[in-house]
Every structure is written in C-alpha cells, then in structure tokens.
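In the working numbering, the protein residues as written are 1407 to 1876.
This report concerns only the one structure given below.
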C-alpha cells in the first residue's frame, strides 16, 4: 500500500483499521513491518515526512528546566521524521545487562517486571532487524570478583530504518502510512475503558480521525507522555494518569571525561562495564568505562569531551592523549518529568516542559565510579585519572527514557508487563518510555526487542478476538 500525505486526506474523514501505530521510529517500524508480515490491517501515522521538515520539527519546541539540559534540547535531541531519530544515529548498540532487570543494592527503584531472559529471543530478532554485524548471543554471567566486564557491542553502520524498510511497507497490501499527520487527541469511549479513535491534524489545517481495535503510541518518551497528558473533556487529567505517574521518572545517560595518560597500553578495553558484583558492593548504578585515544580519528564525542573538560593536562594534539570516559545511567527519579505548559503549539496542543536534574545518588555514583576507575586504571598501568568536576563536566547522551514506566501495579507504573496502559483495554505504548530503568547502554536494541515482544502479543490477541471489532 502506498504512502499518503495526511495533508491530502479530506477533512472530516473517519478512517478505520485493525491496528493504529502512532510514530514511525525504531519501535513503530518494528511493529509495522511485523504486522505487514502477518497481513494485519495497520495504519501508521507519522508526524514528519521522508525528509527533514522545519515546520513539523518546530512542533517539538517547549521548555526545559533543571541543571543539565541545554535550552534547545527538546528540538535538537530527536527527529520528527519517517524513521525517527534513527535518521541521525548509528554506531554500536547492545542489550541491557541482565542484573539491571532485578533489584539492585543502593538503587531504590527501577526493577523490571520480567528478567532479561524474557527478552533474549527478541534481542535475536532485533539484531537481524538492525542489520547487526553479528548474531545476538547472550553473554555468560561475569565472575563477581572481576572489577571490569568487557562489553561486546553490536556494530550498526548507517542505520536509517526509514530508508531500510520503506520498500517493504510500500509492497505490503495491509499497511497504510500517513505522513505529516499529527495526533492531537486520544478519544475514549464513554466509560473510559477503551480508546475509540485518535484525532489527527496537519499544519495545513485539515483534520480527520482514525478508529482501530488496538492503538500503539510509539512517539518517544517525551511525546508519549505529552500525548497522554493532553486534557480532554472526558479525561481532564489525561489518559492513564490516575496516579500522577505519566511523565515521571524521565532518565538520560550521563558521561564524564576524566583522565590523563602517562603511558599507553595495547591491552586496555575499548569499553568495559563495572562488574555487577562491584556495582552491588559499592551500591552503584549501571556504569562503564571507556579508555580511548581522543586525538586519533577524533569524532564528535571526543571533540565535545575535549571542549567541555579541563581535566586533561596534555595538549589536544599530543599523540599520547588517552581519555577515560565514564558512561552510566541516571537514577529513575520521579521528580525528573514531563509536564504540560499553558502555552500551545500551532495545532492547539499544550507544549511540554522537561525537568531533569542530577540527584544526590547520581552525583555519588559518578564520584565513586571515578575513584574506582582511577584505582583500576592505575593498577593495570593504563594511566592516571584526575577527577572531573561534578556536575559541571557531565554530558548527556540524548537518550529519552522513562515517563510511562512498566510495572504490574497501577500505582507504580503507567503500563503493565505487556506495555498496555493499565486503565485502557486497547492502548499500548512502545519505545523507551516504558523502561523502568535505563542501564548504561543506548536504548535502541531494547526498544526494538520490546516492540517485537509487543507485536507478538498483539497479533495473538487480534487473532483470538481479544480486542473486539472496529
């Protein structure tokens, strides 16, 4: 089925489908291609087009607060375009470590409703979907007495999922893709237990609706929360927000450059995590350490790190410059959150404000990791590390995680273990917004794995008649 421009859909039209997927990023495209393989009647609504569009991108404008976020973070850290933010991402990805899924000493919240073993089969499929350069194989449990665990990432080159899977969706007889369509309202049935339809608007002024048996929001952690929080006559506090959880527990990945090389070694790990045993003994969040020669083939990260830190004594052109980069997750903190502003955008939706600060636990985590990293690096003769200032030299990974966390209990999470909004029978969420905790790795691999898991659940439910009729 061909792609369509929502601006050409006649105003007042009411479309109908079995599954409505809102968003065509990593999660939405995983769902759409899986539904296409199974012949499930699907409508994908994407706010952007095939190319970057300034007008639709500007709908991301809002406000940030706290001590970390740059003023333009909401616009520059994501893309409103077919393929989503995968249009400017590539490199390496890997699964969240198994220990992150359970309870962890010193981490007061963030337990997942299932173990990593539940996701392993879906990580296998995700590796194929992302065109990883090797098949997925779960790493064996590391020894508890090892201070570092080598991280074996999966190389992803030139990842542009929109380009990769466009032809497959165009050839599908069951999938319809609407570009430049912005969902502005979620309409529930009387009684509020089911979603009836979504209202769609374009910047050109036309408006229409899409009815479905099942709806999936896959618009990213910030926008998923913003859509749910939009007040309506039937849901003045938003949808799924009975316990004031929507938008809370926003997380990011943090990085910190610290170090000076006094001698080089060919044996240092390019990237290693502090072992689960070491993390538990010191009550740390999930953290890792990368030793890299920052002046050799400098990339954007190394250049940025060299600019933001004053902790390096060697000049930037010194061939011996070795930087130790600490990577880690941020604490799931309920006060880091997405809320709505009174100001509205061009489509009449409330803009959002994103608040994010480093908690005391985050600061302690970085300080203790620096101390441990200095000890490990020194003992192995890799160099000497000088502590960096916290939080002034902490950078962010531009990864949006949390806001609609997964938990089997409605008073603790927005969605259940199958990513269904607790209070609605047919509304599901996809993407990193459902992560209860972030782990230290970028979220793409897990986003795709969870989307495959959700797709299987929905296909089974549709075939069993669990979601009724359109």
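Glycine included, each C-beta is placed from N, C-alpha and C at the ideal position.
Remember, predicted model here, so these are calculated numbers, not experimental data.
List the residues that DSSP assigns as beta-bridge partners of residue 1759.
Counted from its first residue, the chain shown places residue 1759 at position 353. Per DSSP, 1469, 1745.
Close-in-space but distant-in-sequence residues of the same chain around residue 1774 (CB under 7 Å, 5 per side omitted):
Counted from its first residue, the chain shown places residue 1774 at position 368. Here the set comprises 1688, 1690.
How many Å lie between residue 1415 and residue 1607 at the Cα?
For the purposes of this step, residue 1415 is taken as the residue at position 9 of the chain shown. For the purposes of this step, residue 1607 is taken as the residue at position 201 of the chain shown. Their Cα atoms are separated by approximately 10 Å.
So the beta strand (DSSP E) residue 1409 belongs to, where does it begin and stop?
The count along the chain shown starts at 1 and reaches residue 1409 at position 3. Its beta strand (DSSP E) spans residues 1409 to 1411.
Around the C-beta of residue 1458, are 16 or more other C-beta atoms found within 10 angstroms, so that it is buried, or is it exposed?
The sequence position of residue 1458 within the chain shown is 52, counting from 1. The residue in question, residue 1458, is exposed, as its Cβ has fewer than 16 Cβ neighbours within 10 Å.
Rounding to the nearest angstrom, what Cα-Cα distance links residue 1753 and residue 1590 in this structure?
Residue 1753 sits at position 347 when you count from the first residue of the chain shown. Residue 1590 sits at position 184 when you count from the first residue of the chain shown. Roughly 7 Å separates the two Cα atoms.
Residue from 1505, 1456, 1612, 1425 whose Cα sits closest to the Cα of residue 1580:
Within the chain shown, numbered from 1, the residue matching residue 1580 stands at position 174. Closest by alpha carbon: 1425.
Find the nearest neighbour of residue 1865 within the set 1409, 1522, 1440, judged by alpha-carbon distance.
As a working mapping, residue 1865 is identified with position 459 in the chain shown. Residue 1440 is the option with its Cα nearest to residue 1865.
Inspect the beta-carbon positions of residue 1430 and residue 1854 and report whether they are closer than 9 Å.
For the purposes of this step, residue 1430 is taken as the residue at position 24 of the chain shown. For the purposes of this step, residue 1854 is taken as the residue at position 448 of the chain shown. No, they are not a contact pair.
Taking contact to mean at least 3 C-beta pairs separated by less than 8 Å, is the stretch 1847 to 1862 in contact with the stretch 1645 to 1656?
no
Please go through the stretch 1433 to 1517 and give each complete beta strand (DSSP E) segment of 3 or more residues, from N-terminal end onward.
1448 to 1451, 1469 to 1472, 1497 to 1499
Would you decide whether residue 1499 is buried or exposed? Buried here means 16 or more other CB atoms lie within 10 Å of its CB.
By 1-based counting over the chain shown, the position of residue 1499 is 93. Burial call: buried.
Please state whether DSSP places residue 1424 in a helix, a strand or coil.
To locate residue 1424, count along the chain shown from 1; it is residue 18. The answer is strand: DSSP assigns residue 1424 an E or B state.
Could you tell me whether the Cβ atoms of residue 1629 and residue 1529 are closer together than 9 Å?
Against the chain shown, residue 1629 aligns to sequence position 223. Against the chain shown, residue 1529 aligns to sequence position 123. No, the pair does not count as a contact, with Cβ atoms beyond the cut-off.
Proximity of residue 1800 and residue 1764 at Cβ, strictly below 9 Å:
The residue given as residue 1800 occupies position 394 in the chain shown. The residue given as residue 1764 occupies position 358 in the chain shown. Contact: yes.
Could you check whether residue 1783 and residue 1878 sit closer than 9 Å to each other, using their CB atoms as the reference points?
For residue 1878 there is no data in the structure shown, the boundaries of the chain being 1407 and 1876.
Pull up the DSSP beta-bridge partners for residue 1679, would you.
Against the chain shown, residue 1679 aligns to sequence position 273. For residue 1679, which the question treats as bridged, DSSP gives the partners 1555, 1694.
Look at the Cβ atom of residue 1733, then the Cβ atom of residue 1693, and state whether they are nearer than 9 Å.
Taking the chain shown and counting its residues from 1, the one referred to as residue 1733 is at position 327. Taking the chain shown and counting its residues from 1, the one referred to as residue 1693 is at position 287. Closer than 9 Å, so yes.
Taking buried to mean at least 16 other C-beta atoms within 10 Å of its own C-beta, is residue 1843 buried or exposed?
The residue labelled residue 1843 in the question sits at position 437 within the chain shown. That one is buried.
Once you ignore the five residues that flank residue 1749 on each side, which residues in its own chain have a CB closer than 7 Å to its CB?
Numbered from its first residue, the chain shown carries residue 1749 at position 343. Same-chain partners within the cutoff: 1757.
Do residue 1455 and residue 1567 come within 9 Å of each other at the CB atom, strictly closer than that value?
Numbered from its first residue, the chain shown carries residue 1567 at position 161. Numbered from its first residue, the chain shown carries residue 1455 at position 49. No, Cβ-Cβ distance for residue 1567 and residue 1455 is not below 9 Å.
Is the number of C-beta pairs between the stretch 1816 to 1836 and the stretch 1617 to 1629 that are closer than 8 Å three or more?
yes
Check residue 1792 in the structure and name its three-state DSSP category.
Stepping through the chain shown from its first residue, residue 1792 is reached at position 386. Coil at residue 1792, not helix or strand.
When 1680, 1477, 1873 are compared against residue 1781, the one with the closest alpha-carbon:
Indexing the chain shown from 1 puts residue 1781 at position 375. Ranking 1680, 1477, 1873 by Cα distance to residue 1781 puts 1680 first.
Determine which residues share a DSSP beta bridge with residue 1732 and list them.
Your numbering for residue 1732 matches position 326 in the chain shown. In DSSP, residue 1732 forms a bridge with 1662, 1695.
Proximity below 9 Å, CB of residue 1743 to CB of residue 1653
Position 337 of the chain shown holds residue 1743. Position 247 of the chain shown holds residue 1653. Contact flag set, yes.
Alpha carbon to alpha carbon, how far is residue 1660 from residue 1585?
Along the chain shown, read from residue 1 onward, the residue named residue 1660 stands at position 254. Along the chain shown, read from residue 1 onward, the residue named residue 1585 stands at position 179. Answer to the nearest angstrom: the Cα atoms are 34 Å apart.
Option nearest residue 1808 by Cα separation, candidates 1473, 1516, 1520, 1504
If you number the chain shown from 1, residue 1808 lands on position 402. Selected option, being the one with the closest Cα: 1516.
Classify residue 1771 as helix, strand or coil using the three-state DSSP reduction.
The count along the chain shown starts at 1 and reaches residue 1771 at position 365. Here residue 1771 sits in helix by DSSP.
Beta carbon of residue 1562, beta carbon of residue 1644: below 9 Å?
Here residue 1562 refers to the residue found at position 156 of the chain shown. Here residue 1644 refers to the residue found at position 238 of the chain shown. No.
Rounded to the nearest angstrom, what separates residue 1422 and residue 1641 at their Cα positions?
The count along the chain shown starts at 1 and reaches residue 1422 at position 16. The count along the chain shown starts at 1 and reaches residue 1641 at position 235. Distance between the alpha carbons of residue 1422 and residue 1641: 23 Å.
Rounded to a whole number of angstroms, what is the C-alpha to C-alpha distance between residue 1478 and residue 1751?
Within the chain shown, residue 1478 is the residue found at index 72, counting from 1. Within the chain shown, residue 1751 is the residue found at index 345, counting from 1. Those two C-alpha atoms are separated by around 16 Å.
Starting from the Cα of residue 1474, find the closest Cα among 1428, 1555, 1730, 1662 and give me that residue.
As a working mapping, residue 1474 is identified with position 68 in the chain shown. The shortest Cα separation from residue 1474 among 1428, 1555, 1730, 1662 belongs to 1662.
Taking the alpha carbon of residue 1788 as the point to measure from, which residue in 1695, 1825, 1804 has its own alpha carbon closest?
The sequence position of residue 1788 within the chain shown is 382, counting from 1. When only C-alpha atoms are compared, the closest one is 1695.
Name, in chain order, the residues that DSSP records as bridge partners for residue 1591.
Sequence index remark: in the chain shown, residue 1591 carries index 185 (1-based). Paired residues: 1605.
List the DSSP bridge partners of residue 1377.
In the structure as shown, the chain begins at 1407 and stops at 1876. Residue 1377 is therefore absent and cannot be evaluated.
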